[in-house]
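Quick mapping for you: the protein sequence lines, in order, are chains A and B. Start counting the first sequence at 22; every next residue gets the next number (the working numbering). Start counting the second sequence at 2; every next residue gets the next number (the working numbering). The beta-carbon is built from N, C-alpha and C at its ideal position, and this holds for glycine as well. The structure displayed is predicted, hence computed values, not measured ones. One structure is given here, and the rest of the page talks about it.
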Amino acid sequence: MKVGILSVAHGHVGSFAACLKRLGVDVTAVYDHDEARGRAFAERIGSQFYASRDELLAQPDISAVGVYGENALHAELVIAAAKAGKHVMCEKPLATSRKEGLAMVEACRKAGVVFQTFFPCRWLPSVRRAKALIESGHIGRIIAIKGTNHGGCPGGWFVDPKLAGGGAVFDHTVHVTDLMRWITGSEPVSVYAEVERNRLSKYPIDDAAMIAIEFADGTFATLDPSWSRNSAYYKTWGDVNMEIIGTKGTIAVNGVGQGPTYYTEALGKGREAHTAGNMDFGCVKAWVDAIQTGRAPEVSGEDGLKAVEVALAAYLSEREQRPVSIREVE
Amino acid sequence: MEGSTHGPSNKEDDIEMALRVGIIGAGGMGHGHARAYQALGQELVGVADPPSPANAERFAAALGGKVFASVEELLADPTIDLVSVTVPTPAHREVVCKAAAAGKHIVCEKPLARTLEDADAMIAACRDAGVRLFAGHVVRYFPEYEHVKSAIDRGDLGQIGVVRTTRGGSEPTGFQSWYRDLDRSGGLLVDLAIHDIDWLRWCFGEVERVYATSSKTRVPESPEYALAILRFESGVIAHVEGSWAHPGPFRYAYEVAGSKGVAEFDNLRSAGIVAQTHEHPGVVQSEYPYVEQPLLSELQDFVRAIQSGEQARVTAEDARAALRISLACLESARTGQPVWLKKEGAAQ
């Protein structure tokens, strides 16, 4: 099986390529609209660089592509890949509008290709253990979930709304929203959000926020996607945490914080290492398995869309200063 | 009469005239107040707890002082300068108003009252009687909460963006399960989260709007869990978590994130002692001892305020403002809509 990569804008693309290599799958082709960036990456992983997206997609030996471009470019890359009959893995957030996301899902459905969203957090061992515990009835019926996916302001294209589609809300709502959907088995029906811009960082983009989500089954949740961690903060990636409240008890889920913390003079601060296992690998393996067996992937493009709808609803709620129904999202 | 019932105090003189204190409500908080007053060198005159005479007897046996058969009898004692009101919230108004009419200064436990109407009546009664009214918002006296407020005020954390607070543990067993009755206790948002709401207001000013959710409106038979989002006029966003649904040790924690830094605190992660015994395997006793208990610092502040005529760190008006925010959260949880706190007229 041979895989191509469409754009290397997102930092996770390195891990994507490494996971495929570990699975014995060759990444033979890399395209990027930013030629210098694309070439450098292609060289690093020993792939061929294509300056033309369509030329890459025309390669008959490539059966699947990973889309790791800037958020605003996901749609055109995914739709082009689907039209070329390639299976797709797409970084999050899936799309910058529901309309875009629906078009992506439809294009892949029509082409009969596997469409997966890159939601590695589903493969965090603590998350999977929590899901299993909950399914066994250990804490009864779920009442509420308090979630956080803090981060630091990434700068670069992430703070350009034209390329990113939004700031912290767009960047850090979707992972935990997807986990909440997965854990409850229910769908978000309405969202209320408080959002502030240029509050924690120097960029005129949303960096501080608090989102409240109502699920169809009555579960209420809050999610903190803020870029509230600065360079001195020691935890991995910010965090991916959930406090799950059930009728019979509670589970606190520590997503990416399992591991030692190092304090070195070279770094000048603490640094937490997450050593409980590679979540990216589980996510990529699931994609490859889906492609090779013809079974639907555990997390689909549609899951990516449902998660991004909550982020879009949060922005709408901010503008309207009221809770909004998911159905109002465009 | 305004101010102290004794002569003007000399700040250099470390022998203040001791206040003589009556405790109304012989439960856990009453015991705490009494022990704190004694540690401060104040004189415990006695206790009244008419609904629970056994509690009153136990109180007197443990701490000394008289058992008064009724609140009126205690308030009629001319030697008492100050009363602590540590009865369930719905009884605050009646007891405080009676105490004011009897000319006693009052320390009333939080929440000040269950309704704004009650709170206003209590504040007015004390003002009209010329007695001081203090409210037990003790979190302002917890060193961890003082410390980070200083850091915030100094600008160490820059412009504050997002603040998160957590408070809770297992469900308290109150007298006749009054905590479980939303009408009587106000539930988590009024009884417990109000601690953090007052502290947040102390740090960040007035609240513009709130959005809250509580399990009480969905799964009322389960121990309550509530989440509130507070949006401050200053732009700060706060997330307040209150829980009676966590069966483990009592937890209080916060996180303050600003443009220049993050401060975090969690009493369970920084416990002073963690004790375990072979006899009770799996039972982990986590404690966070202080040199000086925050309750003691609080009551010392109130006693000093009475003796000097000055303001305390937290006032009855602060307590009323915190109650207003908590009640707005309750309403939001009930309606599913955000609630704006409109500016109230000065005449309110």
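Setting aside the 5 residues that flank it on each side, Lys343(B) has no residue in the same chain whose C-beta is closer than 6 Å to its C-beta. DSSP lists Ile274(B) as the beta-bridge partner residues of Glu288(B). Around the beta carbon of Tyr226(B), 16 or more other beta carbons sit within 10 angstroms, so the residue counts as buried. Rounded to the nearest angstrom, the Cβ distance from Tyr71(A) to Ala50(A) is 6 Å, consistent with a contact under 8 Å. Per DSSP, the continuous beta strand (DSSP E) segment holding Tyr212(B) begins and ends at 208–215. The count of Cβ pairs closer than 8 Å, one atom from the segment 64–83 of chain B and one from the segment 122–131 of chain B, stays below three, leaving the stretches out of contact. If you look at Val132(B), you'll find it isn't in any alpha helix (DSSP H); DSSP assigns it neither H nor E. Nearest C-alpha to Phe143(B) among Asp302(B), Arg325(B), Leu324(B), Asp157(B): Asp302(B). For Leu221(A), the closest Cβ of chain B is nearer than 9 Å. Straight through space, the alpha carbons of Ile272(A) and Ala153(A) are spaced by roughly 12 Å.
Within the DSSP bridge table, the entry for Leu231(B) names Val211(B), Ala239(B) as partners. The C-beta of Lys261(B) comes closer than 9 Å to at least one C-beta of chain A.
Residues are counted here when their Cβ sits less than 7 Å from a Cβ of chain A; for the segment 217–239 of chain B these are Arg219, Val220, Ser223, Tyr226, Leu228, Ile230, Arg232, Gly236, Ile238, given in chain order. Across the segment 275–289 of chain A, no CB contact with chain B closer than 8 Å is found for any residue. Under the Cβ distance rule, Pro339(B) counts among the residues neighbouring chain A, one pair being separated by less than 9 Å. Between Ser36(A) and Ile312(A), the gap from beta carbon to beta carbon reaches 9 Å or more. A direct Cα-Cα distance of roughly 10 Å separates Ala253(A) from Leu288(A).
In the three-state scheme derived from DSSP, where H, G and I count as helix and E and B as strand, Ser85(B) is classed as strand. Chain order gives no chain B residues near Asp301(A), where near means a beta carbon separation below 7 Å; the closest approach is about 26 Å. When 9 Å is used as the limit between beta carbons, Pro89(B) is near no residue of chain A, the shortest such separation being about 26 Å. Taking the Cα positions, Tyr336(A) is about 12 Å away from Arg218(A). With fewer than 16 other CB atoms across the displayed protein chains lying within 10 angstroms of its CB, Tyr291(B) is exposed. Per DSSP, Ala230(A) is one residue of the beta strand (DSSP E) stretching across 227–236.
Shown here, His95(A) sits in a helix according to DSSP, grouped into three states. Neighbours of Tyr254(A) across chain B, judged by C-beta separation under 8 Å: Val263.
Ala128(A) carries a helical assignment under DSSP once its states are collapsed to helix, strand and coil. For Cys111(A), the enclosing beta strand (DSSP E) covers residues 108–111. By the neighbour-count criterion, in which a residue is buried when 16 or more other Cβ atoms sit within 10 angstroms of its Cβ, Gln308(B) is buried.
The contact set of Lys131(A) on chain B, defined by CB atoms closer than 8 Å, is empty, because the minimum CB distance reaches about 39 Å.
In summary, Trp245(B) is buried, with 16 or more beta-carbon neighbours lying within 10 Å of its beta-carbon over all protein chains present. Here Pro146(A) is exposed. Its C-beta has fewer than 16 other C-beta atoms within 10 Å.
Scanning its chain for C-beta atoms nearer than 6 Å, with the 5 sequence neighbours on each side dropped, one finds around Tyr212(B) the residues Ile230, Ser333, Pro339, in chain order.
Using a C-beta cut-off of 8 Å, the segment 284–300 of chain A makes no contact with the segment 238–253 of chain B, since fewer than three inter-stretch Cβ pairs fall below that distance. A Cβ-Cβ distance of about 4 Å is found for the pair Glu256(B) and Arg165(B), placing them in contact under the 8 Å criterion.
Against Gly239(A), the close residues of chain B are Arg219, in the order they occur along the chain (beta-carbon pairs closer than 7 Å). At a cut-off of 9 Å between beta-carbon atoms, Pro344(A) makes contact with chain B.
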